[in-house]
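Encoded as structure tokens, the structure appears first; notes follow it.
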Amino acid sequence: DQNDPIADAARAILDGHIVLARQLADAGHYPAIDIEASISRAMNDITSYSHQDAARSFKHLYSLYQQNRDLISVGAYESGSDEQIDIAISAMPALNEFLRQDMHTPVTLAQSLEDLETLFPAEPEPEAEMPAGLNLPNPVE
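Read left to right, the sequence shown gives residues 1 to 141 (UniProt numbering).
Dropping the structure here:
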């Protein structure tokens with residue numbers, strides 16, 4: 001229960017939290033992790049830029065689909081009316097496949113990252129820019 005005071009206190013002091021969703025478990029989706037409600041505060045400190053970028057892209061498409069799921073499921077969403085929703089719809093089978101794991105089939109972090117970056121190929125890491133207004137000396141060559 002996300003409103004439980006003990007769970008709330010634990011979330012406040014821990015690095016992050018993994019939220020399990022009964023509706024995912026009821027649908028046979030294991031592990032039943034709700035990726036929209038789960039979070040890690042340390043992720044940016046312990047993962048590479050390409051991992052973070054792929055995870056953001058994944059979560060964006062997954063969340064976009066979930067936000068429009070009712071419209072999509074009743075046929076009220078008209079294909080072509082929003083390019084991002086169209087991409088999310090076409091990506092959902094691959095996203096769900098990535099999120100599911102058989103209990104008897106272990107997956108290493110390296111394999112998981114490889115699979116994630118297959119779905120969302122890495123883009124070059126942006127170069128840090130110097131803030132405007134700094135007057136730094138030229139480096140000695």
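Using N, Cα and C, we set each Cβ at its ideal position, and we do this for glycine too.
For clarity, every value in this text was computed on a predicted model and none was experimentally measured.
Could you tell me whether the Cβ atoms of residue i and residue j are closer together than 8 Å?
i, j, result
"Ile39", "Gly16", "yes"
"Leu99", "Ile85", "no"
"Glu117", "Ser50", "yes"
"Leu119", "Phe58", "yes"
"Ile72", "Ile87", "no"
"Gln111", "Pro31", "no"
For residue i, which residues does DSSP report across the bridge?
i, result
"Gly16", "Ser40"
If you run the structure through DSSP and keep just helix, strand and coil, what is residue i?
i, result
"Ile85", "helix"
"Ile35", "coil"
"Ala122", "coil"
"Asn96", "helix"
"Glu5", "The sequence shown places Pro at residue 5, rather than the Glu named in the question. Three-state result, Pro5: helix."
"Gln101", "coil"
"Tyr65", "helix"
"Ala27", "coil"
"Glu78", "coil"
"Ala21", "coil"
Evaluate residue i with the Cβ neighbour count: other Cβ atoms within 10 Å of its Cβ, from every protein chain shown; 16 or more gives buried, anything less gives exposed.
i, result
"Asp8", "exposed"
"His104", "exposed"
"Asp53", "buried"
"Ala42", "exposed"
"Leu14", "exposed"
"Ala10", "exposed"
"Leu61", "buried"
"Ala91", "buried"
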